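Below is one structure; the comments refer to it alone.
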Amino acid sequence: MSKVCIVFDRLRTEEKMLQKEALDLGHDAVMLDAKITQINTDSKREDYDFGDIVLERCVSYFRGLHFTASLEFMDVPVLNKFDVANVCGNKMFMTLLLKKNNIPTPKTYFSFSGESAAENLEKVGYPLVIKPVIGSWGRGVMPIKDKDTMDAVLEIRNITDGPHDRIYYLQELIKRPPRDIRVITIGDEPIAAMYRKSSGGFKTNIALGADPELCEITKEIEDMAVKASKAMGGGILGIDMMEGDERGLVVHEVNNTVEFKGLARVAERNIPKEMIKFALNYVRK
Amino acid sequence: MNCPECDAILNIPDDASVGEIISCPDCGADFEIAKKDGSNVELKQAETVGEDWGE
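This is the structure in structure tokens:
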């Protein structure tokens, strides 16, 4: 019997599903709250009950990332690995890595001051989509269609002054149907995919009420998902694609601690079960 | 048990686990289950959702 440790900061349906599948497969599952776990530079793996492998499932990106760093310091196998989590959590790093690996992705413009972002926008022309480099659920993602909107957005950025507010990530607005595709890959294998349909606006996040609908994994989607997963470093990922009217499939995001309860409602394969099986095989290798 | 914020009755499912979030149906406040021993449940204020949260 093997043991999987699920590290969380907010216990969601997904973590409970993972726990259930581990137990149903005849393994042990231990749930560990990152918020109350203390680690120091003398910490050893045997001081904790990390089982054979850890699935890092924190909702907070930075908490999960730093927790992963300490797990790897103690030589605890963890999914996803620090390098994968680090890249996927930052949209700029992720976009650069996608492009570097020749994976079609929307053209993206980077600026490092508000003035430069404004200049860039005027030069490239409207519309562009501005996204915070860190953060998700579609928050802070806004289409900029004219100068007035640009001025307002840049002014807000100047006021908020968060650590990443001076990084301006502006992306081409892809002409596409009002939906995108989320593919879950486990060990570079696409397990399930769904269309996320917009519920009116231009965003398609399930967290914002988009309806999940099963999507057939075509050869094209499969190839793209496998390439994107490999480019990021593998593990358990959520690959988001858009069907561009002119450009065909483009990958716009790769998610690290992937949420799957929407897709699990419609998927043919048992997603949490596949994750547990992969995690245990990963550590046996 | 009652909501620490507005005293409304909180419905905590029997199979709820430590770390789960319970929302008050009346005032909407979120609480995290800090401890659970049978029907004895201890709640704490849930963390606010931060900019680095979610997918």
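If you're matching them up, the sequences are chains E and V in order.
Following my numbering, the numbering of the first sequence begins with 228 at its first residue and continues without gaps.
Following my numbering, the numbering of the second sequence begins with 428 at its first residue and continues without gaps.
Virtual Cβ for every residue (Gly too), placed ideally from N, Cα, C.
All figures in this text were calculated on a predicted structure; none of them were measured in a lab.
Whole-angstrom C-beta distance between residue j and residue i, which should lie under 8 Å
i              : j              : result
I463 (chain E) : L323 (chain E) : About 22 Å separates the two Cβ atoms, so there is no contact after all.
R272 (chain E) : V231 (chain E) : Wrong, their Cβ atoms sit about 15 Å apart, outside the cutoff.
V445 (chain V) : K471 (chain V) : Going by Cβ atoms, the distance from V445 (chain V) to K471 (chain V) rounds to 11 Å, so no, they are not a contact pair.
L400 (chain E) : P439 (chain E) : 24 Å between Cβ atoms; not a contact.
R403 (chain E) : G471 (chain E) : 5 Å
Q246 (chain E) : M228 (chain E) : At roughly 15 Å, the Cβ-Cβ gap does not stay under 8 Å, so Q246 (chain E) and M228 (chain E) are not in contact.
A312 (chain E) : G291 (chain E) : 6 Å
A494 (chain E) : I448 (chain E) : Actually they do not touch by this definition, with Cβ atoms about 14 Å apart.
L381 (chain E) : G341 (chain E) : 5 Å
I233 (chain E) : A256 (chain E) : 6 Å
L507 (chain E) : H254 (chain E) : 7 Å
I503 (chain E) : A249 (chain E) : 5 Å
Same chain, Cβ closer than 6 Å to residue i, five either side skipped, listed in chain order
i              : result
F235 (chain E) : E242, R284
L198 (chain E) : Lying before the first or after the last residue shown, residue 198 (chain E) is absent from chain E, which here runs from 228 to 512.
F458 (chain V) : I449, L470, A473
E480 (chain E) : D467
S338 (chain E) : A344, N347, Y395
F505 (chain E) : I413, G414
G465 (chain E) : R409, I411, N482, V485
V510 (chain E) : D279, I280, P304
D276 (chain E) : V257
N328 (chain E) : A458
G367 (chain E) : P359
C442 (chain E) : I408, A420, M421, Y422
E501 (chain E) : I413, I418
G461 (chain E) : D415
I444 (chain E) : P417, A420
Own chain residues within Cβ distance below 7 Å of residue i, not counting five before or after
i              : result
F487 (chain E) : E241, I411, I498
L325 (chain E) : T332, A455, A458, V478
I361 (chain E) : Y288, G316, N317, H391
L437 (chain V) : M428, N429, C430, I449, C451
K262 (chain E) : D236
M319 (chain E) : F337, V360, I394, Y396
T295 (chain E) : E283, V305, F309, A312
M469 (chain E) : I401, R403, D407, V477, H479
M301 (chain E) : S270, K271, R272
P370 (chain E) : P354, V356, L400, F429
C454 (chain V) : C430, E432, C433, A435
N385 (chain E) : G341
Any non-hydrogen atom of the ligand ATP within 8 Å of residue i CB
i              : result
R237 (chain E) : Judged by which ligands are present, the structure shown has none, so any question about the ligand ATP falls away.
Sequence-distant residues of its chain with Cβ nearer than 8 Å to residue i (five each side left out)
i              : result
M321 (chain E) : V314, C315, M459, E480, V481
S297 (chain E) : I266, S270
I372 (chain E) : Reading off the sequence, residue 372 (chain E) comes out as Lys, not Ile. These residues qualify, in order along the chain: Y353, P354.
E299 (chain E) : V305, K308, F309
A443 (chain V) : I449, I460, K463, V468
D251 (chain E) : K500
### Query
Counting Cβ pairs, one atom from each stretch, are 3 or more of them under 8 Å apart for the region 406-418 of chain E and the region 441-459 of chain E?
yes
### Ranges of the alpha helix (DSSP H) found wholly within the region 445-502 of chain E, counting only runs of at least 4
446-459, 488-491
### Message
To test your reading of the DSSP string, which unbroken alpha helix (DSSP H) runs of 4 or more residues are found completely within the region 273-360 of chain E?
### Response
Assignment of alpha helix (DSSP H) within the region 273-360 of chain E, counting only whole runs of 4 or more residues, yields 288-300, 309-315, 318-327, 341-351 in chain order.
### Task
With 9 Å as the limit, tell me which residues of the region 378-400 of chain E have their beta carbon closer than that to any beta carbon of chain V; keep them in chain order.
Cβ contacts with chain V: G389, H391.
### Query
Going along the chain, which residues of the region 237-257 of chain E sit with their C-beta nearer than 9 Å to a C-beta in chain V?
R237, L238, R239, E242, K243, Q246
### Task
Below 8 Å between beta carbons is the criterion; list the residues of the region 361-376 of chain E that meet it against any residue of chain V, in chain order.
I361, G362, S363, W364, R366, G367
### Task
Determine which residues of the region 284-301 of chain E have a Cβ less than 7 Å from any Cβ of chain V, and write them out in chain order.
V286, S287, Y288, F289
### Task
Compile a chain-ordered list of the residues in the region 432-449 of chain V whose CB is closer than 8 Å to at least one CB of chain E.
S444, V445, G446, E447, I448
#### Entry: Segments assigned alpha helix (DSSP H), at least 4 residues, entirely inside the region 354-398 of chain E
374-387
### Task
Tell me the start and end of each unbroken beta strand (DSSP E) in the region 431-470 of chain V that is at least 3 residues and wholly inside, in chain order.
448-450, 457-464
### Message
Can you pull out the residues from the region 306-329 of chain E whose beta carbon lies closer than 7 Å to at least one beta carbon of chain V?
### Response
Taking 7 Å as the upper bound on Cβ-Cβ separation, chain V lies near no residue of the region 306-329 of chain E.
### Residues in the region 270-281 of chain E having any Cβ partner in chain V nearer than 9 Å
none
### Task
Scan the region 465-481 of chain E for residues whose Cβ lies nearer than 8 Å to a Cβ of chain V and list them as they occur along the chain.
G465
### Query
Any residues in the region 468-481 of chain V with a beta carbon nearer than 9 Å to a beta carbon of chain E? Which ones, in chain order?
Along the region 468-481 of chain V, going in chain order, the ones with a CB nearer than 9 Å to a CB of chain E are A473, E474, V476, G477, E478, D479, W480, G481.
### Query
When Cβ atoms are compared, which residues of the region 407-429 of chain E fall closer than 7 Å to chain V?
none
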